[in-house]
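Numbering (this note's numbering), first residue to last: 23 to 192.
Right under this line is the structure:
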């Protein structure tokens, strides 16, 4: 089992799944956006036991309205530019230029999931998670236990009972 569950969809774009709940039940701490089932997990475990990053759905909508441009993020962010340029150069003779074209754009809008817009926030919270994991095992384990202890809401027994009462009417 993993110790860190990455649930990194763009806020407002991901259907609610159960994979992150399975990680939670096994003690993994989630690094993720405020989207889908992550919202439910945060409500149960508390934001202090979750590595939250990225925009909220209303911020995503606002950025689209004002004209999101992945090219501007590429031009302004040196770390991001180095990564994209590295992809273009390739690794062991294999180019990953198609990925960079998808992210930077072409005839259509690049980076439709706004990876560039959330990049700095992701890097910051990932650094925080790594630091905690390697330097404060007690705190990490406490967060892990809080995830396990808070996972009860996601049990199939509760879900079936709610379906029986609220949907099936039995």
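Note that the Cβ used here is the ideal one computed from N, Cα and C, for glycine as well.
These numbers were taken from a predicted model, which means no experiment stands behind them.
Beta-carbon gap between residue i and residue j smaller than 9 Å
i           : j           : result
residue 51  : residue 151 : yes
residue 69  : residue 175 : no
residue 106 : residue 126 : yes
residue 143 : residue 75  : yes
residue 172 : residue 66  : yes
residue 169 : residue 24  : no
Per-residue DSSP class, three states only, for residue i
i           : result
residue 32  : coil
residue 92  : helix
residue 27  : strand
residue 182 : helix
residue 174 : helix
residue 192 : coil
Cβ distance (whole Å) where residue i is taken to contact residue j below 8 Å
i           : j           : result
residue 148 : residue 53  : 6 Å
residue 82  : residue 136 : 6 Å
residue 139 : residue 80  : That pair is no contact at about 14 Å.
residue 132 : residue 124 : 7 Å
residue 110 : residue 122 : 5 Å
Below 8 Å, how does it come out for the region 31-45 and the region 54-63: are there three or more Cβ pairs, yes or no? At 8 Å Cβ cutoff, the stretches touch.
Which complete alpha helix (DSSP H) runs does the region 95-169 hold, if anything under 4 residues is left out? List check, alpha helix (DSSP H) in window: 100-111, 119-126, 137-157.
Ranges of the alpha helix (DSSP H) found wholly within the region 37-79, counting only runs of at least 4: List check, alpha helix (DSSP H) in window: 41-47, 59-67.
Touch test, the region 76-88 against the region 99-110, Cβ-Cβ under 8 Å, three pairs minimum: Touching, no, given that fewer than three Cβ pairs across the two stretches are closer than 8 Å.
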